[in-house]
Amino acid sequence: MAKARTQYVCSECGYESVRWLGRCPGCEAWNTFLEQIVQPPTPAVPGRGIAPAATTGAAPRPRSAVALAAVSQSDQMRLPSGFGELDRVLGGGIVPGSLVLIGGDPGIGKSTLLLQMAGKLAAGARVLYVCAEESAQQVRLRAERLGISAEHLYVLAETDLEAVLAELETLRPAAAIVDSIQTVYLPALTAAAGSVSQVRECTGALMRLAKRAGTSLFLVGHVTKEGALAGPKVLEHLVDTVLYFEGDRFQSHRLLRSVKNRFGATHEIGVFEMVERGLAEVENPSELFLSGREDPAPGTATIVACEGSRPLVVELQALVSPTSYGSPRRTATGIEYNRFLQILAVLEKRVGIPLSKLDAYVASVGGLDVAEPAADLGVAIAVAASFRDRIVDPKTVLVGEVGLGGQVRPVSQLELRLKEAAKLGFRRAIVPRDSPPVTTEMEVLPVARVLDAMLLALSPPESPSADVCQPPPEQE
0 MAKARTQYVC SECGYESVRW LGRCPGCEAW NTFLEQIVQP PTPAVPGRGI APAATTGAAP
60 RPRSAVALAA VSQSDQMRLP SGFGELDRVL GGGIVPGSLV LIGGDPGIGK STLLLQMAGK
120 LAAGARVLYV CAEESAQQVR LRAERLGISA EHLYVLAETD LEAVLAELET LRPAAAIVDS
180 IQTVYLPALT AAAGSVSQVR ECTGALMRLA KRAGTSLFLV GHVTKEGALA GPKVLEHLVD
240 TVLYFEGDRF QSHRLLRSVK NRFGATHEIG VFEMVERGLA EVENPSELFL SGREDPAPGT
300 ATIVACEGSR PLVVELQALV SPTSYGSPRR TATGIEYNRF LQILAVLEKR VGIPLSKLDA
360 YVASVGGLDV AEPAADLGVA IAVAASFRDR IVDPKTVLVG EVGLGGQVRP VSQLELRLKE
420 AAKLGFRRAI VPRDSPPVTT EMEVLPVARV LDAMLLALSP PESPSADVCQ PPPEQE
């Protein structure tokens with residue numbers, strides 16, 4: 000009889016080793032190997048739902064390669080989730096047999112979103128909700144609060160994956176939700192639930208069932224304190240789609256972001272708002288990120304960011320003030336910190352704004368994380384407006400990437416951005432000079448350098464001047 004053996008598995012990438020290593024050869028991370036005991040495979044008990052392992056020397060199942068052109072085309076209809084925003088992020092709806100992983104901070108609304116989706120799907124098909132972290136009574140209470148009373152919505156409070164697989168084989172639902180993948184376990188493995196081997200094997204078993212039975216599976220995943228999905232990186236490779244549910248606990252809106260999608264575009268976002276009866280879709284997300292345009296203040300600029308194929312008009316606010324410490328403070332909320340430092344260096348070196356003795360702060364309204372370079376010009380103008388105590392025209396948008404030499408470089412999807420801005424009532428756009436021609440009713444002002452954009456944005460339209468780089472006069 001075979002004996003149990005000890006192996007070491009990297010908690011980041013799942014790399015296996017027969018001995019402990021300080022640095023993982025796969026992902027080059029330090030001190031990530033965990034010890035686990037591997038039991039020899041045993042025949043499964045009939046009716047448990049797991050097939051016995053193949054014996055050594057058994058003939059493999061015959062397979063033959065076929066030409067790609069000979070593969071049959073299956074025009075499978077996508078299932079509407081009941082949320083247009085969720086369908087948008089998924090690429091047009093739920094693909095039968097797909098495996099979707101949703102992660103996010105605790106309490107952000109992952110279970111609420113999936114339970115609401117299950118209630119809408121259960122109006123026309125059977126849906127199984129596996130609550131591995133709650134009891135069935137707790138799920139019932141939450142469903143009543145959300146107003147869900149679907150007849151074909153089934154609840155299974157179970158953590159044993161073999162029992163979950165057996166129920167999926169018996170019920171054959173159109174969609175199933177496992178909340179969460181870190182709490183289910185395979186009894187054949189001695190590792191604790193949530194460990195690298197358990198998460199990997201449980202996900203693999205669910206993936207095989209989804210592909211075979213055509214059931215769309217949604218897995219809830221825990222996240223680490225850094226915000227990444229907990230467990231091995233192979234977890235994200237196994238699934239078809241990876242979604243992150245984001246939001247500020249002090250704000251009511253939530254963002255559903257796609258970072259991997261085999262059936263649609265990545266980096267799409269869906270916008271929701273947390274209301275009394277759960278999550279509601281936001282039809283015009285740009286209104287969330289615009290505030291106080293009727294009463295503009297110095298240091299405010301408006302940009303148009305693109306998340307996937309969706310343009311979002313976002314207001315940026317900057318504050319520049321004399322420092323009280325030996326070194327100035329820099330704080331960025333919603334803007335990448337290192338890119339913010341780069342823009343400040345360009346303003347000081349290429350434009351001549353003395354920022355080395357000034358504190359600088361920048362934030363995006365609504366807490367949206369804007370990572371693309373198209374926001375550079377808006378950040379630069381907002382900082383310059385706060386330094387000069389000037390007000391940028393609230394009907395002007397700024398789009399462009401700032402180079403280290405002070406150039407304003409073109410960005411993608413410019414026409415899509417300007418159409419969104421024009422729809423919200425903006426009348427003027429400051430864009431890079433080398434951008435392709437666009438068709439819009441707005442007044443388009445092309446610029447080649449940051450200084451040119453500052454002269455247009457911070458000076459009155461009838462009398463642009465070069466005093467924007469000078470500090471405001473001292474008040475008596």
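For the sequence shown, numbering that gives the first Met the number 0 gives the first residue as 0, with consecutive numbering after it. Think of the CB as a built atom: it goes at the ideal place given N, C-alpha and C, for glycine as much as any other residue. Keep in mind the model is a prediction, meaning the values are calculated, not measured.
For residue i, count neighbouring C-beta atoms within 10 Å of its own C-beta (all shown protein chains included) and say buried if the count is 16 or more, exposed if not.
i      : result
Ser63  : exposed
Lys484 : Shown here, the chain extends from 0 to 475; a query on residue 484 therefore has no answer.
Phe249 : exposed
Gln181 : buried
Ala72  : The sequence given here places Gln at residue 72; Ala does not occur at that position. Its Cβ having fewer than 16 others within 10 Å, Gln72 is exposed.
His236 : exposed
Arg256 : buried
Ser251 : exposed
Ala456 : buried
Gln197 : buried
Phe336 : Sequence check: residue 336 is Tyr here, not Phe. The residue in question, Tyr336, is exposed, as its Cβ has fewer than 16 Cβ neighbours within 10 Å.
Ala344 : exposed
Arg22  : exposed
Gln115 : buried
Gly146 : exposed
Asp294 : exposed
Arg4   : exposed
Could you tell me the alpha carbon to alpha carbon distance between residue i and residue j, rounded to whole angstroms?
i      : j      : result
Ala359 : Ala317 : 7 Å
Gly404 : Gly325 : 28 Å
Leu415 : Thr189 : 54 Å
Val364 : Ile334 : 11 Å
Ala362 : Lys348 : 23 Å
Ala191 : Ser215 : 27 Å
Glu161 : Lys394 : 60 Å
Ser134 : Phe262 : 33 Å
Thr438 : Leu413 : 10 Å
Ile173 : Glu143 : The sequence given here places Ala at residue 173; Ile does not occur at that position. In a straight line, the C-alpha of Ala173 is about 23 Å away from that of Glu143.
Ile268 : Asp247 : 15 Å
Ala69  : Ala264 : 26 Å
Asn260 : Cys305 : 18 Å
Asp245 : Ala66  : Sequence inspection shows Glu at residue 245; the Asp mentioned does not correspond to that position. Rounded to whole angstroms, Glu245 to Ala66 spans 42 Å at the Cα level.
Val391 : Ala383 : 10 Å
Thr19  : Trp29  : The amino acid occupying residue 19 in the given sequence is Trp; Thr does not appear at that position. Each residue's Cα considered, the two are about 11 Å apart.
Gln6   : Leu170 : 37 Å
Ala420 : His266 : 21 Å
Tyr14  : Ser355 : 47 Å
Leu140 : Met206 : 30 Å
Val8   : Lys224 : 21 Å
Arg253 : Arg387 : 35 Å
Ala447 : Ser458 : 17 Å
Ala370 : Val37  : 43 Å
Arg199 : Glu11  : 12 Å
Leu450 : Ser16  : 57 Å
Ser555 : Gln341 : The chain is shown from 0 up to 475; residue 555 falls before or after that span and cannot be answered.
Lys418 : Arg427 : 12 Å
Ser285 : Ala187 : 50 Å
Glu476 : Lys210 : Because the chain spans 0 through 475 in this model, residue 476 falls outside it and cannot be assessed.
Ser308 : Leu423 : 18 Å
Gly106 : Arg408 : 40 Å
Glu314 : Arg389 : 16 Å
Quick one: what's residue i bridged to in DSSP?
i      : result
Arg448 : Gln406
Thr240 : Val99, Asn260
Ala66  : Beta-bridge pairing links Ala66 to no other residue.
Gly220 : Gly102
Gln181 : According to DSSP, which records beta bridges pairwise, Gln181 is partnered with nothing at all.
Thr301 : Glu314
Val319 : Ala359
Trp29  : Arg22
Met273 : Leu278
His252 : Glu272
If residue i and residue j are in contact, beta carbons under 8 Å, what's the gap, nearest whole angstrom?
i      : j      : result
Leu155 : Val129 : 5 Å
Leu164 : Ala204 : 6 Å
Leu367 : Phe425 : Wrong, their Cβ atoms sit about 18 Å apart, outside the cutoff.
Ala175 : Leu167 : 6 Å
Val303 : Pro297 : With a Cβ gap of about 21 Å, Val303 and Pro297 do not count as contacting.
Gly377 : Ala279 : Their Cβ separation, rounded to whole angstroms, is 29 Å, which puts Gly377 and Ala279 out of contact at 8 Å.
Thr322 : Leu357 : 6 Å
Ala131 : Val195 : So it is not a contact: roughly 18 Å between Cβ atoms.
Ala373 : Val410 : 4 Å
task: Could you tell me whether the region 261–276 touches the region 320–332, using the rule of 3 or more Cβ pairs below 8 Å?
output: no
query: Pairing CB atoms from the region 398–414 with CB atoms from the region 429–436, are three or more of them under 8 Å?
result: yes
message: Any contact between the region 220–232 and the region 92–104? By contact I mean 3 or more CB pairs, one from each, below 8 Å.
response: yes
message: Any contact between the region 143–153 and the region 114–121? By contact I mean 3 or more CB pairs, one from each, below 8 Å.
response: yes
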